[in-house]
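Residue numbers (this note's numbering): 2 to 198.
Structure, rendered in structure tokens:
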């Protein structure tokens, strides 16, 4: 039974298949990301995706990106990880810790947290604010103050190759800020952000 189960899990959902394939062609999927698509992405995995996307977009290694911004890496920033990609993304201001010098590498990301990280990645890349209206969500009253600008950005900035917003709603006009952010959603939103500008 296990091979059949793994086979199913190793395929993106039908709605995601085309854009996951496009992300793969753009080399935006790091090694090991071609499986478990419907699982919640971890904080460490998102950092790996973000570093890979920034390197592809800028044509520079992440170390060079940091040097260009006169940023230094603090290898002792977190007590629970010394992963170079996490430290680099933290130095760029894309991710933060969870307090008490902990990063929580295996922790999962909510959709609102994903929006914030994608928005910060856009800022690192120097993207301009989109010249279009953001999607109006019926559950906007549940957005955290720190997530409002990010959700506005990701729901207005669009992939120039297909005009799809970086992040859309989840049905019924809702954004669902506290819902899980899956690996396939992460791959697709990173790909769309890559194609915004």
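We treat Cβ as the ideally placed atom computed from N, Cα and C, and that holds for glycine.
Residue i, DSSP secondary structure in three states
i           : result
residue 72  : coil
residue 162 : coil
residue 190 : helix
residue 2   : Only weak support is given to the placement of residue 2: the predicted model assigns it a pLDDT of 39, under 50, and the value that follows is read from those uncertain coordinates. Coil at residue 2, not helix or strand.
Candidates the options, of which the one nearest residue i by Cα
i           : options               : result
residue 50  : 137, 127, 122 and 144 : 122
residue 87  : 178, 169, 106 and 181 : 106
residue 82  : 103, 96, 92 and 67    : 103
residue 12  : 31, 37, 33 and 75     : 37
residue 152 : 177, 33 and 64        : 177
residue 175 : 150, 32 and 143       : 143
residue 48  : 31, 77 and 59         : 31
Cutoff 8 Å; reference residue i; Cβ partners in own chain excluding five residues on either side
i           : result
residue 62  : 56
residue 199 : The chain is shown only over 2 to 198; residue 199 falls outside these bounds and no answer can be derived.
residue 41  : 109, 110, 181, 182, 183 and 184
residue 69  : 61
Chain-order list of residues whose beta-carbon lies under 6 Å from that of residue i (same chain, five-residue window excluded)
i           : result
residue 179 : 111
residue 39  : 183
Proximal residues to residue i (C-beta, below 7 Å), its chain only, five neighbours per side dropped
i          : result
residue 80 : 102 and 103
residue 52 : 63, 86, 89 and 90
Worksheet entry | Three or more C-beta pairs below 8 Å linking the stretch 130-146 and the stretch 159-175 | yes
Examine the Cβ distances between the stretch 22-38 and the stretch 180-197 and report whether three or more of them are shorter than 8 Å.
yes
Uninterrupted alpha helix (DSSP H) stretches inside the stretch 76-135 (no shorter than 4 residues) = 85-92 and 112-125
- Can you check the stretch 29-68 for any alpha helix (DSSP H) of at least 4 residues that lies completely inside it and give the ranges in chain order? 44-59
Q) Would you say the stretch 11-22 touches the stretch 84-104, given that touching needs at least three Cβ pairs under 8 Å? A) no
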